[in-house]
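Colleague:
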Amino acid sequence: SSTTNIGASVELNLPKKQAVLAIGYQGTHVNGPDRHALAFIQEHASDMAGPLFGHIREKLGLAYRVGATQFLGHDCGLFTFYLATSPEQLDLARTELLKEIAKIAGEGIPVDTFERVRATVLSGAAIQQQSMSSNARHAALDLLFGHPADSYRLLPQIYEALTPEEVCAVARRVFAAQPTVSMIRGEQG
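Numbering (this note's numbering), first residue to last: 48 to 236.
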């Protein structure tokens, strides 16, 4: 049996040279109305020009790798912020990552950045639609989840219609919840 540990904090000490941190929130499902806004947030948070990379990696030098990812499940999903750092910097990196998540939760994607994020998401969708195997996979998944087989072709229209205010509202709602935090400390030098 499995249990949900929303808001739990799990910490492991392993004989590793790196420390790893994941901060997870309950995301949305494959039919969830928030999935498109969360795709924008994922792109914003994972971009090398985004807030996590710019602040945590470049400005503070606290992470080897930093970003965000989401998993769209059948009934629910997961949105995770993650980073890899040295064991000595893990606590400070966690504090800074939580601050950046709070900014995203409070402000969403800044308006001056929003169109760049939209362009990146749209170009990613366009590239996927150029591949026959990707189109077949999207059509199969659309049918599996009860959508018309060509629903994926509507993504550009959906992405064009999203507003900064809509994305901010989703960020506020999703990231207002208590996250589940997983840390692997590694060996301190």
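Even glycine gets a Cβ: it sits at the ideal position worked out from N, Cα and C.
Given the structure is predicted, the values throughout are model-derived calculations rather than measurements.
1) Could you tell me which of Gln175, Val158, Asp81 sits nearest to Ser118, measuring between CA atoms?
2) List the endpoints of the continuous beta strand (DSSP E) containing Val67.
3) In angstroms, rounded to a whole number, what distance separates the CA positions of Tyr129 and Asp94?
4) Could you spell out the range, first to last residue, of the alpha helix (DSSP H) harbouring Ser133?
5) Could you tell me whether the Cβ atoms of Lys150 and Pro98 are closer together than 8 Å?
6) So, for Val67: in the same chain, excluding its five sequence neighbours on each side, which residues have a beta-carbon less than 6 Å away from its beta-carbon?
7) Once the 5 residues before and after Ala216 are set aside, which same chain residues still bring their CB inside 7 Å of it?
8) Flag this pair as yes or no: are the beta carbons of Glu58 and Leu109 separated by less than 8 Å?
9) Given that a residue counts as buried once 16 or more other Cβ atoms are within 10 Å of its Cβ, and exposed if not, what is Tyr206?
10) At the level of alpha carbons, what is the spacing between Val77 and Gln235?
11) Helix, strand or coil, according to DSSP, for Glu213 in the structure here?
12) Can you check the stretch 68-127 for any alpha helix (DSSP H) of at least 4 residues that lies completely inside it and give the ranges in chain order?
13) I'd like to check one pair, His91 with Leu209: are the Cβ atoms closer than 8 Å?
Modeller: The short version:
1) The question names Ser, but residue 118 in the sequence shown is Phe. Minimum Cα distance to Phe118 is reached at Asp81.
2) 66-73
3) 13 Å
4) No alpha helix (DSSP H) contains Ser133, which DSSP labels as neither H nor E.
5) yes
6) Ala131, Ile231
7) none
8) no
9) buried
10) 40 Å
11) helix
12) 82-93
13) no
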